[in-house]
Amino acid sequence: MKIESLNKKELENYCHKYGIKIQSNNTKKQLLELINKDKFNKITNAIKQGKQLELLISQIRLISEEYAYQLKMQIDLRVDINRLE
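In terms of this note's numbering, the sequence shown is residues 393 to 477.
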């Protein structure tokens with residue numbers, strides 16, 4: 393997912409979902425900076441702890457789960473449309 397394409401509310405939801413602390417008056421730019429800083433910190437910590445592979449695997453798993461969810465939504469939508477026809 394390209395976070396840059398998300399609107400402010402979606403970025404706030406993203407932050408809440410991944411435990412990134414935000415303030416109610418953050419701008420979209422600030423939210424993007426917080427997200428990028430959080431990602432950088434996670435990568436840096438994984439490298440320091442020698443857990444790069446675990447981080448990579450968890451990120452791949454997360455991406456695949458999001459992709460599967462989006463694909464299921466599209467399939468369900470098509471099934472619903474076909475039922476209406």
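C-beta: ideal position from N, C-alpha, C; glycine also.
Quick caveat: nothing in here was measured; it's all calculated off a predicted structure.
Would you kindly work out how many angstroms separate the C-alpha atoms of residue i and residue j, rounded to a whole number?
| i | j | result |
| --- | --- | --- |
| aspartate 430 | glutamate 404 | 14 Å |
| glutamine 466 | glutamine 422 | 32 Å |
| leucine 447 | leucine 476 | 44 Å |
| serine 416 | glutamine 441 | 33 Å |
| isoleucine 455 | lysine 401 | 21 Å |
| isoleucine 414 | cysteine 407 | 7 Å |
| phenylalanine 432 | alanine 460 | 26 Å |
| leucine 463 | threonine 419 | 31 Å |
| glutamate 458 | threonine 436 | 24 Å |
I need the DSSP call for residue i, collapsed to helix, strand or coil.
| i | result |
| --- | --- |
| leucine 398 | coil |
| isoleucine 412 | coil |
| threonine 419 | coil |
| lysine 429 | helix |
| glutamate 446 | helix |
| glutamate 477 | coil |
Measuring CB to CB, does residue i end up less than 8 Å from residue j?
| i | j | result |
| --- | --- | --- |
| isoleucine 427 | isoleucine 395 | yes |
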